Amino acid sequence: MATLLIALVLMMAITVITLSVARTGINQASIDNNQQWHDRLFVAAESAIERLLPVVSTFPETAWSSLPGNEQESWQQNEDDGRVSTELQVTRSPLPRRFLTVQALTRRSDGSGPGVQVTRRFRELSILSPLAELAPPLIIQGCPTDTAANQEVYPPNADSDDAGTAIWLTAGDCPVIDIDTHQGAIQPISLAGELWDALFTLDREAYAELAGQQQNLPDDQRRYWIATTDDLDSQGRWPRSLGSIDQHKLLYFPPEVGCPGFAAGVRIYGVVFIDTPCIGPLTLTSLDITGTLIINGRVNPGSGRVQIANIQIEDPRQAALRFPAFRLIRVPGSWRDF
Numbered sequence: 238m239a240t241l242l243i244a245l246v247l248m249m250a251i252t253v254i255t256l257s258v259a260r261t262g263i264n265q266a267s268i269d270n271n272q273q274w275h276d277r278l279f280v281a282a283e284s285a286i287e288r289l290l291p292v293v294s295t296f297p298e299t300a301w302s303s304l305p306g307n308e309q310e311s312w313q314q315n316e317d318d319g320r321v322s323t324e325l326q327v328t329r330s331p332l333p334r335r336f337l338t339v340q341a342l343t344r345r346s347d348g349s350g351p352g353v354q355v356t357r358r359f360r361e362l363s364i365l366s367p368l369a370e371l372a373p374p375l376i377i378q379g380c381p382t383d384t385a386a387n388q389e390v391y392p393p394n395a396d397s398d399d400a401g402t403a404i405w406l407t408a409g410d411c412p413v414i415d416i417d418t419h420q421g422a423i424q425p426i427s428l429a430g431e432l433w434d435a436l437f438t439l440d441r442e443a444y445a446e447l448a449g450q451q452q453n454l455p456d457d458q459r460r461y462w463i464a465t466t467d468d469l470d471s472q473g474r475w476p477r478s479l480g481s482i483d484q485h486k487l488l489y490f491p492p493e494v495g496c497p498g499f500a501a502g503v504r505i506y507g508v509v510f511i512d513t514p515c516i517g518p519l520t521l522t523s524l525d526i527t528g529t530l531i532i533n534g535r536v537n538p539g540s541g542r543v544q545i546a547n548i549q550i551e552d553p554r555q556a557a558l559r560f561p562a563f564r565l566i567r568v569p570g571s572w573r574d575f
């Protein structure tokens with residue numbers, strides 16, 4: 238009897254151990270399977286973000302939707318290859334300092350098991366440096382001469398108590414400047430290094446290559462310009478209006494071209510950089526620049542009517558000039574399971 242009882246106890250113990258080992262094996266297999274799926278979903282989310290980054294700057298403005306309650310905009314897309322479902326969302330902050338938050342949510346197509354969310358944040362950089370994105374309408378490496386009341390600079394929120402800065406003086410204070418700044422401040426500012434390097438993300442050689450690549454495009458498609466002596470009219474002045482309220486240009490006058498001044502009625506939307514002092518008058522008649530005029534030296538506005546205005550003055554919806562993004566700089570992001 239005692240032997241039978243011991244045998245039964247041993248059989249029960251062996252059965253319990255066998256079931257425990259089997260359950261452990263099943264649990265371990267489930268854990269391994271979930272880990273494999275987790276790794277697969279994580280890689281799928283990372284890959285989706287990497288595929289998206291080279292093309293996100295090419296999305297048309299109509300592809301973005303405004304988010305309720307703030308100034309951010311978003312773009313969304315869903316993908317499913319039959320095994321993995323991916324939800325992509327890009328959220329961008331408003332100009333002038335634009336950040337992109339890219340989020341990929343991946344899960345099994347059949348809806349089983351946990352999913353993975355990967356979030357990456359990027360700083361969008363164009364031809365303009367972060368400093369230039371906040372630039373006022375007029376930047377001078379020197380002092381203006383022969384100023385007059387018919388020369389006007391319109392800062393953001395012009396003619397109000399909230400008017401922004403109208404002029405940066407990068408060579409220190411100047412005597413009294415008889416330019417109507419519409420309540421905008423005239424601010425001395427110290428820049429590290431050369432004026433060009435402080436305001437642009439490409440050096441002059443790289444910019445010349447970029448402008449050369451666009452030289453044969455139709456004028457309305459060219460964003461980057463370099464003036465040459467062949468571009469000037471018979472009086473040696475720049476005769477061409479450039480850009481529009483929705484497409485901004487960068488026009489560069491290199492030292493060999495000098496500061497030729499502008500012909501009557503020229504209107505430019507964007508940035509004009511003159512890489513030499515303007516000893517002669519900018520215009521004898523009229524000149525309108527909506528954006529920023531930068532002069533690497535002192536400037537003689539001339540006797541004509543000169544108006545330089547922040548883009549917001551003409552279109553209140555725009556907080557800053559817009560140029561295509563050259564690259565995205567990654568800032569710390571996060572990922573999580575859900």
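Just add 237 to wherever you are in the sequence shown, counting from 1, and you've got our numbering.
All C-beta atoms in this analysis are idealised placements derived from N, C-alpha and C, irrespective of residue type, glycine included.
Model, not experiment: these values are computed from the prediction.
Pairwise C-alpha distance: residue j and residue i
{"i": "residue 502", "j": "residue 531", "result": "19 Å"}
{"i": "residue 433", "j": "residue 308", "result": "31 Å"}
{"i": "residue 328", "j": "residue 350", "result": "27 Å"}
{"i": "residue 299", "j": "residue 311", "result": "11 Å"}
{"i": "residue 447", "j": "residue 461", "result": "7 Å"}
{"i": "residue 428", "j": "residue 560", "result": "23 Å"}
{"i": "residue 286", "j": "residue 414", "result": "51 Å"}
{"i": "residue 471", "j": "residue 388", "result": "26 Å"}
{"i": "residue 536", "j": "residue 563", "result": "31 Å"}
{"i": "residue 556", "j": "residue 543", "result": "22 Å"}
{"i": "residue 456", "j": "residue 305", "result": "37 Å"}
{"i": "residue 575", "j": "residue 273", "result": "Residue confidence for residue 575 is low, a pLDDT of 48 falling below 50, so the modelled location carries little weight; the figure read from the coordinates is stated next. One C-alpha to the other measures close to 16 Å."}
{"i": "residue 420", "j": "residue 367", "result": "25 Å"}
{"i": "residue 248", "j": "residue 317", "result": "51 Å"}
{"i": "residue 302", "j": "residue 289", "result": "18 Å"}
{"i": "residue 436", "j": "residue 341", "result": "34 Å"}
{"i": "residue 275", "j": "residue 355", "result": "12 Å"}
{"i": "residue 452", "j": "residue 445", "result": "10 Å"}
{"i": "residue 442", "j": "residue 527", "result": "26 Å"}
Cross-strand partners of residue i (DSSP beta bridge)
{"i": "residue 543", "result": "388, 524"}
{"i": "residue 444", "result": "Its beta-bridge partners do not exist; DSSP assigns none."}
{"i": "residue 359", "result": "337, 567"}
{"i": "residue 475", "result": "499"}
{"i": "residue 344", "result": "322"}
{"i": "residue 437", "result": "365"}
{"i": "residue 276", "result": "Beta-bridge pairing links residue 276 to no other residue."}
{"i": "residue 504", "result": "525"}
{"i": "residue 490", "result": "511"}
{"i": "residue 405", "result": "376, 424"}
{"i": "residue 312", "result": "327"}
Exposed unless 16 or more other CB atoms sit within 10 angstroms - verdict on residue i
{"i": "residue 483", "result": "exposed"}
{"i": "residue 449", "result": "exposed"}
{"i": "residue 240", "result": "exposed"}
{"i": "residue 409", "result": "exposed"}
{"i": "residue 373", "result": "buried"}
{"i": "residue 565", "result": "buried"}
{"i": "residue 397", "result": "exposed"}
{"i": "residue 498", "result": "buried"}
{"i": "residue 458", "result": "exposed"}
{"i": "residue 516", "result": "exposed"}
{"i": "residue 297", "result": "exposed"}
Neighbourhood of residue i by C-beta, 8 Å cutoff - its chain only, sequence neighbours within 5 removed
{"i": "residue 336", "result": "329, 330, 358, 359, 360, 361, 568"}
Expected contact under 8 Å - CB spacing of residue i and residue j to nearest Å
{"i": "residue 425", "j": "residue 380", "result": "In fact, because the Cβ distance is near 11 Å, the residues do not count as touching under 8 Å."}
{"i": "residue 279", "j": "residue 353", "result": "5 Å"}
{"i": "residue 184", "j": "residue 438", "result": "The structure shown has nothing for residue 184, since the chain only spans 238 to 575."}
{"i": "residue 393", "j": "residue 547", "result": "5 Å"}
{"i": "residue 514", "j": "residue 496", "result": "7 Å"}
Same chain, Cβ closer than 7 Å to residue i, five either side skipped, listed in chain order
{"i": "residue 521", "result": "539, 540, 541"}
{"i": "residue 550", "result": "391, 395"}
{"i": "residue 480", "result": "486, 505, 506, 507"}
{"i": "residue 494", "result": "464, 465, 466"}
{"i": "residue 423", "result": "403, 404, 406, 414"}
{"i": "residue 334", "result": "367, 370"}
Close Cβ partners of residue i (< 6 Å) along its chain, the five nearest in sequence each way excluded
{"i": "residue 375", "result": "390, 404, 530, 545"}
{"i": "residue 510", "result": "489, 531"}
{"i": "residue 491", "result": "512"}
{"i": "residue 314", "result": "325"}
{"i": "residue 322", "result": "344, 346"}
{"i": "residue 525", "result": "504, 544"}
{"i": "residue 500", "result": "470, 474, 476"}
Any C-beta of chain C under 7 Å from that of residue i
{"i": "residue 551", "result": "Absent here is chain C; the protein component of the structure consists of one chain."}
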